[in-house]
Amino acid sequence: MGDSQYSFSLTTFSPSGKLVQIEHALMAVGSGQTSLGIKAANGVVIATEKKLPSILVDEASVQKIQLMTPNIGVVYSGMGPDSRVLVRKSRKQAQQYYRLYKETIPVTQLVRETATVMQEFTQSGGVRPFGVSLLIAGFDDSGPQLYQVDPSGSYFSWKASAMGKNVSNAKTFLEKRYTEDMELDDAVHTALLTLKEGFEGQISSKNIEIGLISTDRKFRVLTPAEIEDYLAEVE
Amino acid sequence: MAKARVDLPPKGGFSFDLCRRNEMLTKKGIQLPGFRKTGTTIVGLIFEDGVILGADTRATEGPIVADKNCEKIHYMAPNIYCCGAGTAADTEAVTDMVSSQLQLHRYATRRESRVITALTLLKSHLFSYQGHVSAALVLGGVDVTGPHLHTVYPHGSTDTLPFATMGSGSLAAMAVFESKYKEGLTNCRDKCRRLEAELQLAGNCTSAAVRRSPVAEEGSREMVVSRRKRREIASCSSRLHLLREFGEWIRELAREDGIQLVGEAICSGIFNDLGSGSNVDVCVITKGKTDYLRNHQLPNPRTYISSRGYSFDRGYTEVLSTKITPLKLKAEVVENDAMEE
């Protein structure tokens, strides 16, 4: 982290007290594809658009929603390659936590470790902040949890959140639709409706991705067939 | 211009700084603390569908049994398990570490782990420590390429074998394997083929006998003989037919044979090697399913206090002195009438 020539940080304060690089990173996130997450009473669902740059891209090989541990999944908005680096680091940290404490890492701990990494890159020499915001969904002994981590390294627990291009519309929609005692299936329907709101073109099982975790504590990404079923229910 | 101080894990390897001090201490007569070794019998064998691993459960610290029921079969991946002999801490740490690495690899590749991957990770770690990590392992598992069984030695060399034993009880266990392995565990395809060959032979012999015997005088006798033989052959072929139909049954037999053989080998180690003892753990790994049979056999039950109780006569224990202290009466005992009703 930081060559000898760049032992000074590239993220420096502006006179008004802002870290401009982080603001720019948030702009990068804001121009990324929409993704959202909803915490239900018995689980969490995260979803994202999967718009590929061309019809020639093999869509089966692209998976935006990733697993960090068997009970924690993550989706991003922003720069894909940056998210890969973070997911890899987080997976390693989860393993190290297990090796040290012989306990599967709680969601809050993993979020904190990930956020720490993102913060380090705003204060190290020669590196730039990550151009992604992450939505981390998990289910552990404290129940279902949904966290959003920003390029600055700050994180919050959300009941429902959205990020990316259509964030303001999506958040308004979610504010109206969200209820505390939502079941997981309802949450999936709401997520689909929210994605549909700002979707350019026809929504289908090929251009969105949904991941969910329920009381069985196993995070899984839905197959296109399952997404079709949910879409049919929503219609 | 802050450079983030990232907490790097300590660099690996041994630091030999204190060796001189230790030498000086031993010269002065202070003994180095001992470490827990597992005097062990661990075995593995490949059978029809997969791999069976077995281990005893005694952990020793010199002449003392430190743990009567420890687990020597370690988890590496859902389809790969590893038995460990040598220093208990080394086997645990090294298998934990490789299990962790395999999990990360599975996340990255989104595929089931292969036995050869675990093997290479283990051997390169052990080799880099030049034998100072005293872990002798029997690694077995089933992956897309089939069932595999390997042994790993503390210096980092490996063997790939159909049946293997390690630990202080390895000779006792190997004696059992070498004498019984082939018999118990030919795969059922072989069994069927052999049976077919035998029946062919029997069939040919009978038809030859029928052809050669004279028709006229021996007519009735020959008929009787051939009818009996024919019945024999019929019953044989129906058996073969049954065998073909109940292929599953034969496979079950091979698995039970395998578990029994492993149990025998471990018991041989338990009873004939002083470093091994207590119970038998077995782990059966097949494609898609793993059965961890913890304490599959308990050949050394602990006999606790007899339920009948013990009675000791006076005089068993020598009485050195007697002192009687009367307790102060706190309550007055009032003589009651006997209870009526």
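Which chain is which? The protein sequence lines are A and B, in order. If you're matching positions, the first sequence starts at 1 in our numbering and goes up one per residue. If you're matching positions, the second sequence starts at 1001 in our numbering and goes up one per residue. Each residue gets a CB set at the ideal place from its N, CA and C atoms; glycine is no exception. Note that this is a predicted model, so its numbers are computed, not measured.
1. Considering only residues of the same chain and omitting the five flanking positions on each side of residue 236(A), which have a CB-CB separation below 7 Å?
2. What does a CB cutoff of less than 8 Å around residue 115(A) pick up in its chain, not counting 5 residues either side in sequence?
3. Ignore the nearest five residues each way along the sequence and tell me which others in residue 67(A)'s own chain have a CB closer than 7 Å to its CB.
4. To the nearest angstrom, how far is it from the Cα of residue 12(A) to the Cα of residue 21(A)?
5. Quick one: grab the DSSP three-state call for residue 200(A).
6. Quick one: list the residues of chain A neighbouring residue 1096(B), beta-carbon separation under 8 Å, in chain order.
7. Which partner residues of residue 1083(B) appear in the DSSP bridge assignment?
8. List, in order along the chain, the chain A residues whose C-beta lies closer than 8 Å to that of residue 1104(B)?
9. Could you spell out the range, first to last residue, of the beta strand (DSSP E) harbouring residue 1060(B)?
10. Tell me whether residue 1328(B) is buried or exposed, calling it buried when 16 or more other Cβ atoms sit within 10 Å of its Cβ.
11. Which two residues bound the contiguous alpha helix (DSSP H) that contains residue 1096(B)?
12. Quickly, what does DSSP pair residue 148(A) with across the bridge? List them, please.
13. Short of 8 Å Cβ to Cβ, which residues in the region 132-152 of chain A face chain B?
14. Check this for me: beta carbons of residue 205(A) and residue 125(A), under 7 Å apart or not?
15. By the three-class DSSP mapping on this structure, what secondary structure does residue 235(A) have?
16. Taking 7 Å as the threshold (C-beta atoms), are residue 1285(B) and residue 1162(B) in contact?
17. Output the distance between the C-alpha atoms of residue 1209(B) and residue 1278(B), rounded to the nearest integer angstrom.
18. Kindly identify the DSSP beta-bridge partner or partners of residue 1315(B).
19. Are residue 140(A) and residue 107(A) close, meaning C-beta to C-beta below 7 Å?
20. Closer than 7 Å by beta-carbon distance: list the chain A residues that pair up with residue 1107(B), in chain order.
21. Pick out whichever of 1266(B), 1025(B), 1149(B), 1033(B) has its Cα sitting closest to the Cα of residue 1137(B).
22. Excluding five sequence neighbours on each side, which residues of the same chain lie with their C-beta closer than 7 Å to the C-beta of residue 207(A)?
23. Taking only three categories from DSSP, how would you classify residue 1331(B)?
24. Can you list, in chain order, the residues of its chain with a C-beta nearer than 6 Å to that of residue 1331(B)? Leave out the 5 residues immediately preceding and following it.
25. Can you tell me which residues form a DSSP beta bridge with residue 1166(B)?
26. Do residue 1113(B) and residue 1135(B) have their CB atoms nearer than 7 Å?
27. Could you compute how far the alpha carbon of residue 1154(B) sits from the alpha carbon of residue 1091(B)?
28. On the criterion of 16 or more Cβ atoms from any shown chain inside 10 Å, does residue 64(A) qualify as buried, or is it exposed?
29. For residue 62(A), I'd like the list of residues in its chain whose CB is within less than 7 Å of its CB, leaving aside the five on either flank, ordered along the chain.
30. How big is the Cα-Cα spacing for residue 1311(B) and residue 1049(B)?
31. Quick check on residue 1113(B) - is its C-beta less than 7 Å from some C-beta in chain A?
32. What does residue 1289(B) pair with, by DSSP beta-bridge criteria?
33. Whether or not the region 220-228 of chain A and the region 83-90 of chain A are in contact is what I'm after, with contact meaning three or more pairs of Cβ atoms, one per stretch, closer than 8 Å; do they touch?
34. Can you tell me which of the three DSSP states residue 1222(B) falls into?
35. Nearest CA to the CA of residue 157(A): which residue from 164(A), 166(A), 201(A), 136(A)?
In terms of the structure at hand:
1. Only positions 1 to 235 of chain A appear in the structure, and residue 236(A) is not among them; the question remains open.
2. In the first sequence, the residue the question calls residue 115(A) occupies position 115. So the list reads 149, 153, 154, 155, once near-sequence residues are dropped.
3. As a first step, residue 67(A) must be located in the first sequence, where it is residue number 67. Within the same chain, residue 67(A) has close Cβ partners 73, 219.
4. Residue numbering aside, residue 12(A) sits at position 12 when the first sequence is read from its first letter. Residue numbering aside, residue 21(A) sits at position 21 when the first sequence is read from its first letter. When rounded, the distance between both Cα atoms is 8 Å.
5. Here residue 200(A) corresponds to residue number 200 of the first sequence, with the count starting at 1. Residue 200(A): coil per DSSP, three-state reduction.
6. In the second sequence, the residue the question calls residue 1096(B) occupies position 96. What residue 1096(B) touches in chain A: 99.
7. The sequence position of residue 1083(B) within the second sequence is 83, counting from 1. DSSP output for residue 1083(B) lists 1073(B), 1138(B) as bridge partner(s).
8. Numbered from its first residue, the second sequence carries residue 1104(B) at position 104. Near residue 1104(B) (Cβ distances below 8 Å), the residues of chain A are 91, 92, 95.
9. Position 60 of the second sequence, counted from the first residue, corresponds to residue 1060(B). That run of the beta strand (DSSP E) goes 1059-1061.
10. As a first step, residue 1328(B) is located in the second sequence; it is residue number 328 there, counting from the start. Exposed.
11. By 1-based counting over the second sequence, the position of residue 1096(B) is 96. Note, residue 1096(B): alpha helix (DSSP H), 1088-1109.
12. The residue given as residue 148(A) occupies position 148 in the first sequence. Answer by DSSP bridge pairing, in chain order: 135(A), 156(A).
13. none
14. Taking the first residue of the first sequence as 1, we reach residue 205(A) at position 205. Taking the first residue of the first sequence as 1, we reach residue 125(A) at position 125. No, the Cβ-Cβ distance between residue 205(A) and residue 125(A) is not below 7 Å.
15. Taking the first residue of the first sequence as 1, we reach residue 235(A) at position 235. Three-state result, residue 235(A): coil.
16. The count along the second sequence starts at 1 and reaches residue 1162(B) at position 162. The count along the second sequence starts at 1 and reaches residue 1285(B) at position 285. Not a contact, by the Cβ cut-off of 7 Å.
17. Locating residue 1209(B) in the second sequence gives position 209, where the first residue counts as 1. Locating residue 1278(B) in the second sequence gives position 278, where the first residue counts as 1. Any answer about residue 1209(B) is weak, because its pLDDT of 44 lies below 50 and its placement is not dependable; what the coordinates show is given next. Each residue's alpha carbon lies about 59 Å from the other.
18. To locate residue 1315(B), count along the second sequence from 1; it is residue 315. Answer is none; residue 1315(B) lacks a bridge partner.
19. For the purposes of this step, residue 140(A) is identified with residue 140 of the first sequence, where counting begins at 1. For the purposes of this step, residue 107(A) is identified with residue 107 of the first sequence, where counting begins at 1. Yes, the Cβ-Cβ distance between residue 140(A) and residue 107(A) is below 7 Å.
20. For the purposes of this step, residue 1107(B) is identified with residue 107 of the second sequence, where counting begins at 1. Within 7 Å Cβ-Cβ: 67, 91.
21. Here residue 1137(B) is taken as the residue at index 137 of the second sequence, counted from 1. Comparing Cα-Cα distances from residue 1137(B) to each of 1266(B), 1025(B), 1149(B), 1033(B), the minimum goes to 1149(B).
22. As a first step, residue 207(A) must be located in the first sequence, where it is residue number 207. Closer than 7 Å at Cβ, skipping near neighbours: 49, 50, 51.
23. Locating residue 1331(B) in the second sequence gives position 331, counting from the first residue. Coil, per DSSP.
24. On the second sequence, position 331 is the one that residue 1331(B) refers to. There are no such residues.
25. Counted from its first residue, the second sequence places residue 1166(B) at position 166. In DSSP, residue 1166(B) forms a bridge with 1042(B).
26. For the purposes of this step, residue 1113(B) is taken as residue 113 along the second sequence, with counting starting at 1. For the purposes of this step, residue 1135(B) is taken as residue 135 along the second sequence, with counting starting at 1. Contact: no.
27. On the second sequence, residue 1154(B) is found 154 positions in, with the first residue counted as 1. On the second sequence, residue 1091(B) is found 91 positions in, with the first residue counted as 1. Each residue's alpha carbon lies about 10 Å from the other.
28. As a working mapping, residue 64(A) is identified with position 64 in the first sequence. Residue 64(A) comes out buried.
29. Position 62 of the first sequence, counting from 1, holds the residue named residue 62(A). Excluding positions up to five away in sequence, the list reads 50, 52.
30. For the purposes of this step, residue 1311(B) is identified with residue 311 of the second sequence, where counting begins at 1. For the purposes of this step, residue 1049(B) is identified with residue 49 of the second sequence, where counting begins at 1. Straight-line Cα distance between these residues: approximately 56 Å.
31. As a working mapping, residue 1113(B) is identified with position 113 in the second sequence. Closer than 7 Å: no.
32. Sequence index remark: in the second sequence, residue 1289(B) carries index 289 (1-based). According to DSSP, residue 1289(B) bridges with 1286(B).
33. no
34. Indexing the second sequence from 1 puts residue 1222(B) at position 222. The predicted position of residue 1222(B) is uncertain, since its pLDDT is 42 and thus under 50; a value taken from the coordinates is nonetheless stated next. Helix, per DSSP.
35. By 1-based counting over the first sequence, the position of residue 157(A) is 157. Cα-wise, what sits closest to residue 157(A) is 136(A).
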